[in-house]
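Below: the structure, in structure tokens.
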Amino acid sequence: MLSWEYGNSTENGIGKSNGISNGYGIGNGYVNGHGIGNEHGNGNGDVYGNGKVNGEKVKKMKPMDSEMLREQGHIMVDFIADYYKNLEDSPQDFPVLSQVQPGYLRDILPDSAPDHPEPLKELLHDVSKKIIPGLTHWQSPSYFAYYASSTSVAGFLGEMLNAGLSVVGFTWLASPAATELEVIVLDWLAKLLQLPDHFLSTGNGGGVIQGTGCEAVLVVVLAARDRIMKKVGKNSLSQLVVYASDQTHSSFRKACLIGGIHEENIRLLKTDSSTNYGMPPKSLEEAISSDLAKGFIPFFICATVGTTSSAAVDPLFPLGKIAESYGIWMHVDAAYAGNACICPEFREHIDGVEKADSFNINAHKWLFANQTCSPLWVKDRYSLINALKTNPEYLEYKVSKREEVVNYKDWQISLSRRFRSLKLWMVLRLYGAENLRNFIREHVNLAKHFEDCVAQDAHFEVVTTRYFSLVCFRLAPIDGDEDKCNDQNRELIATVNSTGKIFISHTALSGKFILRFAVGAPLTEEKHVTEAWQIIQKHATKFIHNKKN
Ligand SMILES: Cc1ncc(COP(=O)(O)O)c(C=O)c1O
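Each residue of the sequence shown is one higher than the one before, counting from 1 in UniProt numbering.
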């Protein structure tokens with residue numbers, strides 16, 4: 001059942017189990033007679049050209065044929081809609097954590113690309129039989145691992161429109177609406193988050209949609225590095241130091257290394273349960289003083305609101321005051337939890353953001369904007385532009401240097417860029433802020449429900465204070481034996497995830513192996529959370545039984 005062969009459907013789409021016919025909607029497209037593949041042999045938009053080879057008419061392919069797009073696009077939408085429907089209705093056919101073994105795909109796909117077109121029908125058949133079994137179903141209602149990758153109909157339609165229009169707005173001229181919509185939508189979102197005015201495009205700052213949180217932190221490290229090196233001289237790279245907590249996402253270290261910051265100058269300040277794993281301002285102050293005394297040049301602090309391990313919150317206000325007093329750039333990584341701050345009741349977690357130089361959220365994590373969409377706001381857009389601008393002749397145009405003209409190529413690493421603001425705009429318009437707030441509140445309430453379940457079972461413990469939709473918990477240690485406790489929790493998560501019924505993840509906090517239960521998938525309801533808890537409890541009985549002995 002868990003191999004790639006599960007699903008067992010038959011060619012005509014009336015499968016024995018729920019694989020293709022019931023499962024992924026191929027039946028909707030083909031069985032009901034769209035007839036793809038019949039007209040020209042493969043249905044992929046071949047048109048007959050005038051030339052002949054060996055007396056045969058030469059087929060000329062038209063890669064973007066509007067009628068073919070209409071026809072095959074409908075089939076694809078049906079396929080995807082059925083996927084979502086079946087994730088809900090037939091969870092037994094979709095192990096949340098894929099159960100395939102490494103290399104499984106090479107064994108079942110040909111060694112080389114086809115010389116001739118193949119029908120969409122065959123391709124979707126392969127998706128159902130060969131690809132979907134190798135997917136971990138991030139959109140399953142029983143997905144509780146890492147942080148979610150939240151999708152929505154609006155986000156999906158936005159992605160579709162983006163793919164369809166396929167403009168490349170690297171400069172304003174390259175697609176004025178792509179640039180202008182991004183400026184406007186990020187101002188909208190900044191207002192929903194109650195960000196200070198200096199992050200708006202009407203001031204010196206502004207927003208840009210990066211692909212990911214990793215790209216966001218990289219560009220601001222480069223901007224801050226450029227700013228400090230202009231001040232202290234370009235030979236000072238080896239003296240530059242950066243600060244973050246030991247809970248900071250690994251992308252920060254990577255960004256620093258790409259930016260030429262010496263590894264030994266990356267200070268990851270220790271955290272523990274006394275601050276619920278938030279960065280202690282005192283440690284920061286001490287580290288900066290000590291570095292200054294040794295001749296180092298502190299220039300960057302990465303604070304996090306909602307760390308990856310435990311959704312810890314660094315106290316922005318005191319950290320920001322320190323950053324301000326030393327002239328250090330403070331970046332706030334709020335990739336996951338920042339999204340919740342559109343709700344007034346969670347906004348306090350980013351109090352102090354007014355002291356930051358940059359702020360980032362991943363709207364693809366928890367704002368229903370589909371992969372990928374990572375809005376970044378900076379207080380001073382010129383610091384970013386000065387660090388990243390390029391001006392090749394072939395991109396010059398008449399008004400390119402006008403103040404009000406934004407050329408987003410100068411706010412990011414790559415030149416080409418997707419029209420991501422389209423889907424954010426669609427998410428904001430098609431749901432409205434109040435619905436988005438309620439989606440988030442619902443997830444937080446579900447996490448609270450799970451937390452209550454854990455708290456009521458004496459064999460388990462909740463490990464950190466929960467602020468958002470992540471619960472950190474574990475089987476409690478027996479007689480204070482932490483090593484045994486770690487082993488048991490390791491075994492528990494492996495067993496639970498191998499059922500395919502749910503997927504949770506883990507982390508380590510103060511040397512303890514911790515289980516993470518993160519709510520955020522768009523289809524999750526209370527029954528899924530309750531069921532997840534029952535599965536965890538059921539598989540824990542083994543250890544609980546041992547405890548009594
Ligand atoms: C706090 C935090 N920052 C940054 C990232 C990296 O985001 P991305 O995967 O978009 O690069 C993550 C990913 O989970 C995260 O949790």
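Glycine included, C-beta positions come from ideal geometry on N, C-alpha and C.
* Using 7 Å as the cut-off, classify the Cβ of His506 as near or not near the heavy atoms of ligand 1, replying yes or no. => Reading the sequence shown from its first residue, position 506 is the one you call residue 506. No, Cβ of His506 sits at least 7 Å from all heavy atoms of ligand 1.
* Asked: Cβ of Asp333 within 7 Å of any heavy atom in ligand 1?
  -> The sequence position of residue 333 within the sequence shown is 333, counting from 1. Indeed, a heavy atom of ligand 1 lies less than 7 Å from the Cβ.
* **Proximity test, Asn445 beta-carbon vs ligand 1 heavy atom, cut-off 7 Å** => Taking the sequence shown and counting its residues from 1, one reaches residue 445 at position 445. For ligand 1, not one heavy atom lies less than 7 Å from the Cβ of Asn445.
* To do: Determine contact between the segment 448-464 and the segment 393-402, defined as no fewer than three beta-carbon pairs at a distance below 8 Å.
  => At 8 Å Cβ cutoff, the stretches do not touch.
* Between Arg267 and Gly278, what straight-line distance do the alpha-carbon atoms span, to the nearest angstrom? -> Here the question's residue 267 lines up with position 267 in the sequence shown. Here the question's residue 278 lines up with position 278 in the sequence shown. Each residue's Cα considered, the two are about 15 Å apart.
* Asked: Between Leu189 and Cys453, what straight-line distance do the alpha-carbon atoms span, to the nearest angstrom?
  -> The count along the sequence shown starts at 1 and reaches residue 189 at position 189. The count along the sequence shown starts at 1 and reaches residue 453 at position 453. Rounded to whole angstroms, Leu189 and Cys453 show a C-alpha spacing of 35 Å.
* Buried or exposed by the 16-neighbour rule on C-beta atoms within 10 Å, applied to Glu56 -> By 1-based counting over the sequence shown, the position of residue 56 is 56. Counting C-beta atoms within 10 angstroms of its own C-beta, Glu56 has fewer than 16 neighbours from the protein chains shown and is therefore classed as exposed.
* Asked: Going by alpha carbons, who is nearest to Thr524 out of Phe156, Asn445, Gln534 and Ser421?
  -> The residue given as residue 524 occupies position 524 in the sequence shown. Put simply, of Phe156, Asn445, Gln534 and Ser421 the residue whose alpha carbon is nearest the alpha carbon of Thr524 is Asn445.
* Asked: When burial is assigned at 16 or more other CB atoms within 10 Å of the CB, is Met330 buried or exposed?
  -> Locating residue 330 in the sequence shown gives position 330, where the first residue counts as 1. Buried.
* Taking buried to mean at least 16 other C-beta atoms within 10 Å of its own C-beta, is Asn360 buried or exposed? -> Position 360 of the sequence shown, counting from 1, holds the residue named residue 360. Buried: at least 16 other Cβ atoms inside 10 Å.
* **For Ser175 and Tyr336, the rounded distance between their alpha carbons** => For the purposes of this step, residue 336 is identified with residue 336 of the sequence shown, where counting begins at 1. For the purposes of this step, residue 175 is identified with residue 175 of the sequence shown, where counting begins at 1. Taking the straight line joining both Cα atoms gives about 30 Å.
* How is Asn489 classed by DSSP in three states: helix, strand or coil? -> Taking the sequence shown and counting its residues from 1, one reaches residue 489 at position 489. Correct three-state label for Asn489: helix.
* So, is Lys527 buried or exposed, given that buried needs 16 or more other C-beta atoms within 10 angstroms? -> Your numbering for residue 527 matches position 527 in the sequence shown. The residue is exposed, with fewer than 16 neighbouring Cβ atoms inside 10 Å.
* Beta-carbon of Arg227 versus every beta-carbon of chain C: anything under 8 Å? -> The question asks about chain C, but that chain is absent: this structure has only one protein chain.
* **Assigned exposure category for Gly338 - 16 Cβ within 10 Å defines buried** => One-based indexing of the sequence shown puts residue 338 at position 338. Result: buried.
* **Continuous beta strand (DSSP E) stretch holding Pro298: start and end** => In the sequence shown, residue 298 corresponds to position 298, counting from 1. That run of the beta strand (DSSP E) goes Ile297 to Thr304.
* Which one of Tyr382, Asn489, Pro522 and Phe368 has the shortest CA to CA distance from residue 568? -> Lying before the first or after the last residue shown, residue 568 is absent from the chain, which here runs from 1 to 549.
* In whole angstroms, what separates the C-alpha of Leu492 from that of Ser98? -> Indexing the sequence shown from 1 puts residue 492 at position 492. Indexing the sequence shown from 1 puts residue 98 at position 98. Here the alpha carbon of Leu492 sits roughly 18 Å from the alpha carbon of Ser98.
* Can you tell me whether DSSP reads residue 558 as helix, strand or coil? -> What is shown of the chain runs 1 to 549, which leaves residue 558 out entirely.
* Asked: When we look at the beta-carbon of Gly259 and count the other beta-carbons within 10 Å, is it buried (16 or more) or exposed?
  -> On the sequence shown, residue 259 is found 259 positions in, with the first residue counted as 1. Buried, since its Cβ has 16 or more Cβ neighbours within 10 Å.
* Near ligand 1: Ser128 beta-carbon under 7 Å from a heavy atom -> Start at 1 with the first residue of the sequence shown, and residue 128 comes out as number 128. For Ser128, the shortest separation between its Cβ and any heavy atom of ligand 1 does not lie below 7 Å.
* **Coil, strand or helix - residue 550 by DSSP** => Residue 550 cannot be examined here, being either before or after the span of the chain that is shown, 1 to 549.
* Does ligand 2 have a heavy atom nearer than 7 Å to the CB of Arg490? -> Looking for ligand 2 in the displayed structure turns up nothing; the ligands present are ligand 1.
* Asked: In angstroms, rounded to a whole number, what distance separates the CA positions of Lys231 and Ala113?
  -> On the sequence shown, residue 231 is found 231 positions in, with the first residue counted as 1. On the sequence shown, residue 113 is found 113 positions in, with the first residue counted as 1. Approximately 54 Å, taken between the alpha carbons.
* Span separating the alpha-carbon of Tyr326 from that of Val217 -> Within the sequence shown, residue 326 is the residue found at index 326, counting from 1. Within the sequence shown, residue 217 is the residue found at index 217, counting from 1. Roughly 20 Å between the two C-alpha positions.
* Terminal residues of the continuous beta strand (DSSP E) containing Leu515? -> Counted from its first residue, the sequence shown places residue 515 at position 515. Residues Lys512 to Ala518.
* Asked: Residue range of the alpha helix (DSSP H) that Val427 falls in?
  -> In the sequence shown, residue 427 corresponds to position 427, counting from 1. Counting along the chain, Val427 sits inside the alpha helix (DSSP H) bounded by residues Ser421 to Tyr431.
* Trp425 versus Glu434 - alpha carbon distance -> For the purposes of this step, residue 425 is taken as the residue at position 425 of the sequence shown. For the purposes of this step, residue 434 is taken as the residue at position 434 of the sequence shown. If you take the alpha carbons of Trp425 and Glu434, they lie about 15 Å apart.
* Asked: Going straight from the alpha carbon of Pro133 to that of Tyr104, what length do you get?
  -> On the sequence shown, position 133 is the one that residue 133 refers to. On the sequence shown, position 104 is the one that residue 104 refers to. Counting only the Cα atoms, Tyr104 lies some 10 Å from Pro133.
* Asked: Taking 7 Å as the line, does the beta carbon of Asn489 fall inside it for any heavy atom of ligand 1?
  -> Residue mapping note: residue 489 aligns to position 489 of the sequence shown, counting from 1. Asn489 Cβ: outside cutoff for every heavy atom of ligand 1.
* To do: To the nearest angstrom, report how far apart Gly520 and Pro477 are at their CA atoms.
  => Within the sequence shown, numbered from 1, the residue matching residue 520 stands at position 520. Within the sequence shown, numbered from 1, the residue matching residue 477 stands at position 477. Their Cα atoms are separated by approximately 29 Å.
* Can the beta-carbon of Lys538 be found less than 8 Å from the beta-carbon of Ser142? -> Residue numbering aside, residue 538 sits at position 538 when the sequence shown is read from its first letter. Residue numbering aside, residue 142 sits at position 142 when the sequence shown is read from its first letter. No; because the gap between Cβ atoms is not below 8 Å, this pair is not in contact.
* To do: Could you tell me whether the segment 411-427 touches the segment 204-215, using the rule of 3 or more Cβ pairs below 8 Å?
  => Judged by pairs of C-beta atoms under 8 Å, the segment 411-427 touches the segment 204-215, as three or more such pairs exist.
* Could you give the DSSP three-state label for Glu345: helix, strand or coil? => Here residue 345 corresponds to residue number 345 of the sequence shown, with the count starting at 1. Glu345 falls in the coil class under three-state DSSP.
* So, are the CB atoms of Ile328 and Pro298 less than 8 Å apart? -> Taking the first residue of the sequence shown as position 1, residue 328 is located at position 328. Taking the first residue of the sequence shown as position 1, residue 298 is located at position 298. With a cutoff of 8 Å on beta-carbon distance, Ile328 and Pro298 are scored as near each other.
* Under 8 Å by Cβ, that's how I've got Gln370 and Phe156 pegged, so tell me the actual separation to the nearest angstrom. => Sequence index remark: in the sequence shown, residue 370 carries index 370 (1-based). Sequence index remark: in the sequence shown, residue 156 carries index 156 (1-based). Rather than Gln, the amino acid found at residue 370 in this sequence is Asn. The pair is a contact, with the Cβ atoms about 6 Å apart (cut-off 8 Å).
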